[in-house]
Amino acid sequence: MMSEPKKSVRVRMAPSPTGYLHIGGARTTLFNWLFARHSGGTFVLRIEDTDKARSKKEFEEDILNELAWLGLGGDEGVVEDGKQIGE
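Per the working numbering, the very first residue in the sequence shown carries number 196; after that it's consecutive.
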């Protein structure tokens, strides 16, 4: 029996900038970030853009600042100043 090739772990967090980061969002981000690190995988951080009517740049900046303060940066997706990295 052939074994399947080992797949790389990829997890993501995509908060919506419709409000400030709350403890639940921070906790979910932490769990995903830790799982990616533990598995040697990739943590993707994106900002959700499906609710443009309620989204605000102020909230996006706050979310990114708070996650940076917690040390939970992404390997791909959004990084400093809203720039993209990775795929």
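The beta-carbon is built from N, C-alpha and C at its ideal position, and this holds for glycine as well.
Review point. By a C-beta neighbour count over all protein chains shown, 10 Å radius and 16 as the cutoff for buried, is residue 228 buried or exposed?
Key: buried
Check your understanding: My guess is that residue 269 and residue 226 are in contact by the Cβ rule of under 8 Å, so how many angstroms apart are they, rounded?
Key -> The Cβ separation is near 14 Å, so there is no contact.
Exercise for review: Could you tell me the boundaries of the beta strand (DSSP E) in which residue 232 lies?
Suggested key: Premise fails: residue 232 lies in the alpha helix (DSSP H), 218-234, not in any beta strand (DSSP E).
Review point. Near residue 261, what residues of its chain come up, given a Cβ to Cβ distance below 6 Å and the 5 sequence neighbours on each side ignored?
Key: 216
Review point. Name the DSSP bridge partner or partners of residue 207?
Key: 239
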